[in-house]
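Peer 1: Structure provided below as structure tokens; questions to follow.
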Amino acid sequence: MSFILAIVSSFSWAVLNLSRKKLVEHFSAPALLLFLSSTQSLFFYVLIVIRGDEIFIPQDNFKAYVISIVSIFLGNITFLKSIKLSEISSVLPILSFTPIFSIILSSVVLNEWLSLSQIIGASIIVIASFFIQSSDKGKINLSKGALYMILSSLCWAFAPIADKMVLKEISKFAYSFQQQLVIACVLITYFLISSPKELIVKWTKQKVYLLLLSVVASMFAIFFQFWSIEGLFVGIFEAFKLAVTLFLTLIFAKIFLQENINKKKIISVIIMIIGVFLISIKNFG
Numbered sequence: 000m001s002f003i004l005a006i007v008s009s010f011s012w013a014v015l016n017l018s019r020k021k022l023v024e025h026f027s028a029p030a031l032l033l034f035l036s037s038t039q040s041l042f043f044y045v046l047i048v049i050r051g052d053e054i055f056i057p058q059d060n061f062k063a064y065v066i067s068i069v070s071i072f073l074g075n076i077t078f079l080k081s082i083k084l085s086e087i088s089s090v091l092p093i094l095s096f097t098p099i100f101s102i103i104l105s106s107v108v109l110n111e112w113l114s115l116s117q118i119i120g121a122s123i124i125v126i127a128s129f130f131i132q133s134s135d136k137g138k139i140n141l142s143k144g145a146l147y148m149i150l151s152s153l154c155w156a157f158a159p160i161a162d163k164m165v166l167k168e169i170s171k172f173a174y175s176f177q178q179q180l181v182i183a184c185v186l187i188t189y190f191l192i193s194s195p196k197e198l199i200v201k202w203t204k205q206k207v208y209l210l211l212l213s214v215v216a217s218m219f220a221i222f223f224q225f226w227s228i229e230g231l232f233v234g235i236f237e238a239f240k241l242a243v244t245l246f247l248t249l250i251f252a253k254i255f256l257q258e259n260i261n262k263k264k265i266i267s268v269i270i271m272i273i274g275v276f277l278i279s280i281k282n283f284g
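If you use numbering that gives the first Met the number 0, the sequence shown corresponds to residues 0 to 284, in order.
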């Protein structure tokens, strides 16, 4: 059941990646994140009212609560900057660093020790990500967009580990609402102090539809991610989500963004899927 939930979450992340790539062409990364987080917080608040969930700040896991919000904020900003600067099919595979960071962090924080085959699988994924960034002569070319994506992968490794601790104390919807509300408040303060004119944009139907699609996809992605990590090791979930999301995003990039999906990208995805299989062996056994 947990893997089915992870697949739903992964599909939602792929849709979110596509819509954010289209939106970031019209907005700066902070402005887009503000529009997304403020709209998401409103949607989550409505769900909380309907469900009758209690809103409170976790006390026992307050440090994890803060770490999660900071990680999500920085992870989103660096991700948006990355896909704004580069083709999403070129930089998204670099998120394969996330399982490696998750394995290290979850082993230390959550005592979720992985087997040798899982460590090998994660290593294969990382090697594949370097392969996709290499030139025909074998030289690795890390663009500015690629560096932003490496930072994003580190942030995304922290978030689910902290989430797993906080969700023992607070409901999924209340937690998601607080995350997005805090991020929105921080960004509003930033724009009011620095550049309020940046928030004055001309909205078209396409932009509104893309924003709503991003919000709905994000809510599904986050909710099913929270649900999935309750039954899966964080490192395994991150690796599985990465492979499925990457595969779907490459398909979407080819169909909707007309990006060049060459043999190198396809081979890298296949290698990553093999790595994910090795990582998942322990969970199937």
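Note that the Cβ used here is the ideal one computed from N, Cα and C, for glycine as well.
Between the C-alpha atoms of ALA252 and GLN58, what's the straight-line distance to the nearest angstrom?
Peer 2: Position 253 of the sequence shown holds residue 252. Position 59 of the sequence shown holds residue 58. Looking at the two C-alpha atoms, the distance is approximately 42 Å.
Peer 1: Let me know the secondary structure DSSP gives GLN178 once reduced to three states.
Peer 2: Within the sequence shown, numbered from 1, the residue matching residue 178 stands at position 179. DSSP places GLN178 in helix when its eight states are reduced to three.
Peer 1: Check whether the segment 159-178 touches the segment 52-72, counting contact only when three or more Cβ pairs, one atom from each stretch, lie closer than 8 Å.
Peer 2: Cβ pair count under 8 Å is three or more, so yes.
Peer 1: Could you have a look at ILE102 and say whether DSSP puts it in helix, strand or coil?
Peer 2: By one-based count along the sequence shown, residue 102 stands at place 103. Three-state DSSP puts ILE102 in a helix.
Peer 1: Please state whether DSSP places PHE55 in a helix, a strand or coil.
Peer 2: Working through the sequence shown from its first residue, we reach residue 55 at position 56. Reduced to three states, the DSSP call for PHE55 is coil.
Peer 1: How big is the Cα-Cα spacing for GLU258 and LYS264?
Peer 2: Counted from its first residue, the sequence shown places residue 258 at position 259. Counted from its first residue, the sequence shown places residue 264 at position 265. Roughly 11 Å separates the two Cα atoms.
Peer 1: If we ignore side chains and look at the alpha-carbon of each, how far apart do LEU186 and GLN177 end up?
Peer 2: Translated into the one-based positions of the sequence shown, residue 186 becomes position 187. Translated into the one-based positions of the sequence shown, residue 177 becomes position 178. LEU186 and GLN177: Cα-Cα distance of roughly 14 Å.
Peer 1: Any beta carbon from chain B within less than 8 Å of ALA145's own beta carbon?
Peer 2: Absence of chain B from the displayed structure is noted, only one protein chain being present.
Peer 1: Determine the direct distance from the alpha carbon of MET271 to that of LEU15, and round the result to whole angstroms.
Peer 2: Here residue 15 refers to the residue found at position 16 when the sequence shown is read from its first residue. Here residue 271 refers to the residue found at position 272 when the sequence shown is read from its first residue. Each residue's alpha carbon lies about 21 Å from the other.
Peer 1: Could you spell out the range, first to last residue, of the alpha helix (DSSP H) harbouring LYS201?
Peer 2: Position 202 of the sequence shown, counting from 1, holds the residue named residue 201. Neither: LYS201 is in no alpha helix (DSSP H) and is coded neither H nor E.
Peer 1: For GLY284, which of helix, strand or coil comes out of DSSP?
Peer 2: Locating residue 284 in the sequence shown gives position 285, where the first residue counts as 1. Note that GLY284 scores a pLDDT of 44, beneath 50, so its modelled location is shaky; the value from the coordinates is reported in the next line. If DSSP states are grouped into helix, strand and coil, GLY284 belongs with coil.
Peer 1: Would you please state the rounded distance, in angstroms, between the beta carbons of PRO29 and ILE71? I believe it to be under 8 Å.
Peer 2: The count along the sequence shown starts at 1 and reaches residue 29 at position 30. The count along the sequence shown starts at 1 and reaches residue 71 at position 72. No, PRO29 and ILE71 are not in contact; Cβ-Cβ is about 14 Å, not under 8 Å.
Peer 1: Just how far apart, CA to CA, sit ILE254 and PHE10?
Peer 2: Taking the first residue of the sequence shown as position 1, residue 254 is located at position 255. Taking the first residue of the sequence shown as position 1, residue 10 is located at position 11. Whole-angstrom Cα-Cα distance: 16 Å.
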